[in-house]
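Below is one structure, written out as structure tokens; the observations come after it.
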Amino acid sequence: MGDNGKTERVLEGSEAVALAIKACRPGVISTYPISPQTHIVEALARMVVNGELESEYVRVESEFSAASVLAGASAAGSRSYTASTSQGLLLMTEVIYASAGMRLPFVITGVNRAVSAPISIQPDHQDAMSLRDSGIIQIYVESSQEAYDTHIAAFKIAEDPRIALPVMVCMDGWILTHSYERVRLVEQEEVDRFLPPFKPIHFLDVNDPKSWGPIADEDLYMEFRYAIHDAMQMGKKRIKEIFSEWADISGRDHGGLIEAYRTKDAEIVLIAMGSVAGTAKDAVDHLRTGGKKVGLIKIRCYRPFPYEDILKAIQDAKVVAVMEASFSMGSEGAIGLDLKAKLYGRSKTPVVIDMIAGLGGRVITRGTIYKIVEQVEKACESGAVPFEPYWMDLKPEVLP
Amino acid sequence: MKIALGGVVRGGTSLAYETGTWRDRKPIIDYDLCKGCGVCEEVCPDNVIHDVNGVYAIDYGYCKGCGLCAYECHVNAIEMIFEAK
Ligand code: SF4
Ligand code: SF4
Numbered sequence: 001m002g003d004n005g006k007t008e009r010v011l012e013g014s015e016a017v018a019l020a021i022k023a024c025r026p027g028v029i030s031t032y033p034i035s036p037q038t039h040i041v042e043a044l045a046r047m048v049v050n051g052e053l054e055s056e057y058v059r060v061e062s063e064f065s066a067a068s069v070l071a072g073a074s075a076a077g078s079r080s081y082t083a084s085t086s087q088g089l090l091l092m093t094e095v096i097y098a099s100a101g102m103r104l105p106f107v108i109t110g111v112n113r114a115v116s117a118p119i120s121i122q123p124d125h126q127d128a129m130s131l132r133d134s135g136i137i138q139i140y141v142e143s144s145q146e147a148y149d150t151h152i153a154a155f156k157i158a159e160d161p162r163i164a165l166p167v168m169v170c171m172d173g174w175i176l177t178h179s180y181e182r183v184r185l186v187e188q189e190e191v192d193r194f195l196p197p198f199k200p201i202h203f204l205d206v207n208d209p210k211s212w213g214p215i216a217d218e219d220l221y222m223e224f225r226y227a228i229h230d231a232m233q234m235g236k237k238r239i240k241e242i243f244s245e246w247a248d249i250s251g252r253d254h255g256g257l258i259e260a261y262r263t264k265d266a267e268i269v270l271i272a273m274g275s276v277a278g279t280a281k282d283a284v285d286h287l288r289t290g291g292k293k294v295g296l297i298k299i300r301c302y303r304p305f306p307y308e309d310i311l312k313a314i315q316d317a318k319v320v321a322v323m324e325a326s327f328s329m330g331s332e333g334a335i336g337l338d339l340k341a342k343l344y345g346r347s348k349t350p351v352v353i354d355m356i357a358g359l360g361g362r363v364i365t366r367g368t369i370y371k372i373v374e375q376v377e378k379a380c381e382s383g384a385v386p387f388e389p390y391w392m393d394l395k396p397e398v399l400p
Numbered sequence: 001m002k003i004a005l006g007g008v009v010r011g012g013t014s015l016a017y018e019t020g021t022w023r024d025r026k027p028i029i030d031y032d033l034c035k036g037c038g039v040c041e042e043v044c045p046d047n048v049i050h051d052v053n054g055v056y057a058i059d060y061g062y063c064k065g066c067g068l069c070a071y072e073c074h075v076n077a078i079e080m081i082f083e084a085k
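These protein sequences, in sequence, are chains A and B. Everything in the first sequence is counted per my numbering, starting at 1 for the first residue and increasing by one. Everything in the second sequence is counted per my numbering, starting at 1 for the first residue and increasing by one.
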């Protein structure tokens, strides 16, 4: 482990992200403000104005354009970055699908926020889930420190020629973007050594004209789509290597595709993504003190879905409770769907129970997690695994 | 042939793709009526009508059969013939 990250500061999460982006030296930053993402791009704007960061800072008129600028800049051979949230990410969707198909590496901070209607500016993961199938890599972070570290790794992941896909670093709005935390920064020279200038495989060049992603009919379309999936699947190994390379430099190891927390010998395993993992770890510690064999899997990389690592970590568990901060209307939570699909048909699999918790910023305390564990135990005792997920702390009395 | 990452293709490759197979109607120029004005050459979105030795000729390898040339021809010298395939 290196002895770096000596520069320790108390920073707002957004500021920590902006400093990470600055250290990555993006050639192009496109921005369109939307809460709770605004502080990130404002901080970057200040850096550009003050001459601390040399970058083409493009203010656009919508998130659709913000994403389009990234695609164009990336095709032109520039390292490029933007941040968005909620409706903004939804507006980017079409361009993200196209960019993944054109294998354009760039990085987006997906500040997680609920989606309308009704309007809510509070955090949940529904916005990022709208991009679930697009081909963008999604990595979720628990803390501002992890956000700082992960953004730097994200560019290296995106630009790896074996991967060549856009990456979205997802962080919960307000809880992470607007709270202050101790963050250790890494020296610029270390970042430069870890992340050399972007070397595109193809780039727009007037002397060698090219088109990106033109038509592919029934004879080749499937192969292009398979190639994206294959890059993600094969990319898992590379993502882990890049994370551990950065862990060696920074002296901080946040885990691989997942972080397994006290899952060894755990009978009940919780699964969570994002900032709630911190609360869940506290709850697990408390429950362990009380003699309950509980553990937690924090999913860091959601796409590609790290089922191999999750399956290994839950192989001895009796039951897995998935905490979902998003919901596929008419079905259930996305993580539960992914996990059950991979478990089906295998022998000796744990029961998976879906727990919808925290939509629209509904607060999740340790108490909520104790209730989740109680609920799961009850379901196990009765032997009746519910088809429908539990909606934690739902107020049925106010339903229309 | 291997597909390129991201579907990147170099310029000029559209020549290899004969889009004429997309057509279901074929423009036929009646040279008894044609005045040689060149309007069809101007309007053809696929740029497949050209003056070949003083006669406007259509390259059917790439003509998609949109019918713009027939619509714009002032003397109705172009007829669109249904090509069932
Ligand atoms: S527009 Fe009609 S008249 Fe003019 S060149 Fe074409 S076919 Fe001939
Ligand atoms: S039918 Fe359309 S594509 Fe074909 S020659 Fe006429 S204008 Fe061009």
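Cβ coordinates follow ideal geometry from the N, Cα and C atoms, glycine included. Note that the structure is predicted; figures quoted are calculated from it, not measured.
Option in the options with minimal Cα separation from residue i
i, options, result
"GLY36 of chain B", "B:CYS63, B:GLY54, B:ALA84", "B:GLY54"
"CYS73 of chain B", "B:ARG25, B:VAL39, B:MET80, B:GLY61", "B:VAL39"
"VAL402 of chain A", "A:PHE64, A:SER84, A:THR31", "For residue 402 of chain A there is no data in the structure shown, the boundaries of chain A being 1 and 400."
"ASP316 of chain A", "A:ARG346, A:LEU287, A:GLU324, A:ASP265", "A:ASP265"
"MET273 of chain A", "A:ASP217, A:GLU146, A:VAL41", "A:GLU146"
"HIS125 of chain A", "A:ALA325, A:ALA384, A:PRO350, A:GLU374", "A:ALA325"
"LYS168 of chain A", "A:VAL49, A:ILE157, A:ARG162, A:PHE327", "The displayed chain sequence assigns Met, not Lys, to residue 168 of chain A. Out of A:VAL49, A:ILE157, A:ARG162, A:PHE327, A:ILE157 has the C-alpha closest to the C-alpha of MET168 of chain A."
"VAL9 of chain B", "A:GLY291, A:ALA73, A:LYS312, A:ILE201", "A:ILE201"
"ILE152 of chain A", "A:PRO306, A:ALA16, A:VAL363", "A:ALA16"
"GLU142 of chain A", "A:SER275, A:TYR148, A:ALA247", "A:SER275"
"ILE353 of chain A", "A:ILE364, A:ALA321, A:HIS286", "A:ALA321"
"ILE310 of chain A", "A:ILE34, A:ARG182, A:LEU343", "A:LEU343"
"ILE369 of chain A", "A:ARG132, A:ILE356, A:ASP149", "A:ILE356"
For residue i, the three-state DSSP class (helix, strand or coil)
i, result
"MET1 of chain A", "Residue placement at MET1 of chain A cannot be trusted, given a pLDDT of 38 that sits under 50; what the coordinates show is reported in the next sentence. It is coil, neither helix nor strand."
"GLU79 of chain B", "strand"
"LEU68 of chain B", "helix"
"GLY278 of chain A", "helix"
"ILE119 of chain A", "coil"
"VAL141 of chain A", "coil"
"TRP174 of chain A", "coil"
"TYR390 of chain A", "strand"
"SER65 of chain A", "helix"
"ARG288 of chain A", "helix"
"THR263 of chain A", "coil"
"ALA16 of chain A", "helix"
"TYR57 of chain A", "strand"
"VAL129 of chain A", "Inspection of the sequence shows that residue 129 of chain A is occupied by Met rather than by Val. Note: MET129 of chain A maps to helix in three-state DSSP."
"ILE299 of chain A", "strand"
"LYS29 of chain A", "What sits at residue 29 of chain A in the sequence shown is Ile, not Lys. Here ILE29 of chain A sits in strand by DSSP."
Check: residue i C-beta below 7 Å from any heavy atom of ligand 2
i, result
"CYS73 of chain B", "no"
"ILE58 of chain B", "yes"
"ILE49 of chain B", "yes"
"VAL55 of chain B", "no"
"LEU220 of chain A", "no"
"PRO27 of chain B", "yes"
"LEU33 of chain B", "no"
"LEU68 of chain B", "yes"
Residue i beta carbon near ligand 1 (any heavy atom closer than 7 Å)
i, result
"GLY65 of chain B", "no"
"ALA75 of chain A", "no"
"CYS44 of chain B", "no"
"VAL8 of chain B", "no"
"CYS301 of chain A", "no"
"ILE81 of chain B", "no"
"VAL39 of chain B", "yes"
What are the residues in the region 195-225 of chain A lying within 8 Å of chain B by C-beta distance? ILE201, HIS202, ASP208, PRO209, LYS210, SER211, TRP212, GLY213, PRO214, ALA216, LEU220, GLU223, PHE224
Residues from the region 96-117 of chain A in contact with chain B, defined by Cβ distance under 8 Å: GLY101, MET102, ARG103, LEU104
Using a beta-carbon distance cut-off of less than 8 Å, what residues from the region 151-165 of chain A approach chain B? ALA164
Quick one: which residues of the region 61-73 of chain B get their C-beta closer than 9 Å to a C-beta of chain A? List them in chain order. none
Entirely within the region 69-111 of chain A and at least 3 residues each: give me those beta strand (DSSP E) ranges in chain order. 80-85
Scan the region 303-382 of chain A and note each continuous alpha helix (DSSP H) run of 4 residues or more that stays entirely inside, going in chain order. 307-313, 334-343, 366-382
As an exercise, report each continuous beta strand (DSSP E) stretch of at least 3 residues that is fully enclosed by the region 177-261 of chain A, in chain order. 180-185, 258-261
Please list the segments of the beta strand (DSSP E) lying wholly inside the region 27-67 of chain B, counting only runs of 3 or more residues, in order along the chain. 49-52, 55-58
Near-chain A residues of the region 1-35 of chain B (beta-carbon distance less than 8 Å), N- to C-terminal order: ILE3, ALA4, LEU5, GLY6, GLY7, VAL8, VAL9, ARG10, GLY11
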